[in-house]
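Novice: In the numbering used here, the protein residues as written are 23 to 178. C-beta atoms are modelled at their ideal positions from N, C-alpha and C, and glycine is treated no differently. Quick one: this structure, given as structure tokens, is what I'll be asking you about.
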Ligand SMILES: [Zn+2]
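So this is what it looks like as structure tokens:
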């Protein structure tokens, strides 16, 4: 019998195990990305407007629910049953007002931040001017005064 028979057998088994592990790992990765895609899809569905009949996600632009087949009407992205036109119009109007308000606040916030930025820059340049004054006027003046005092003291 080949003395290396068992060594070879072991090597073969190791090789097969490694292959199986690799395959498992790849399957795991595939499952994971599939799961992520499903989650994304679910989130997208959940964000869709709900059918007023069955509560299922409904696709904008269709006049029948794809889940229950009942008739639906649209005002912008608001969905309702036929006969709810006025209700939807009011909802849409309120939504638009809220959106305008949001936009106005955003613009105001931007303006405020811009103003703060300008003020910060102003105070920064004021600070550097003070620093310059200190080093080029304050310090020489101080030295001058000290020298003057020393001279006066010597004079006595
Ligand atoms: Zn439905």
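Since residue 101 is in the alpha helix (DSSP H), which residue starts that stretch and which ends it?
Specialist: Taking the chain shown and counting its residues from 1, one reaches residue 101 at position 79. No alpha helix (DSSP H) contains residue 101, which is instead part of the beta strand (DSSP E) from 100-102.
Novice: Under 7 Å between C-beta atoms, does residue 127 make it to chain B?
Specialist: Going by chain labels, chain B is absent from the structure shown, which holds only one protein chain.
Novice: Inspect the CB distances between the segment 72-82 and the segment 90-102 and report whether three or more fall short of 8 Å.
Specialist: Counting Cβ pairs under 8 Å, three or more are found: they touch.
Novice: Looking only at its chain, what residues have a beta carbon closer than 8 Å to the beta carbon of residue 30, apart from the 5 residues adjacent to it on each side?
Specialist: Start at 1 with the first residue of the chain shown, and residue 30 comes out as number 8. For residue 30, where only same-chain residues beyond five positions count, the Cβ hits under 8 Å are 24.
Novice: Helix, strand or coil: which one does DSSP assign to residue 168?
Specialist: For this step, residue 168 is matched to residue 146 along the chain shown. It is helical.
Novice: Can you tell me where the alpha helix (DSSP H) with residue 37 in it begins and where it stops?
Specialist: Within the chain shown, the letter at position 15 stands for residue 37. From DSSP, the alpha helix (DSSP H) with residue 37 extends over 27-69.
Novice: Consider the C-beta atom of residue 78 and the heavy atoms of ligand 1; say whether any pair is separated by less than 6 Å.
Specialist: Translated into the one-based positions of the chain shown, residue 78 becomes position 56. Yes - ligand 1 has a heavy atom lying nearer than 6 Å to the Cβ of residue 78.
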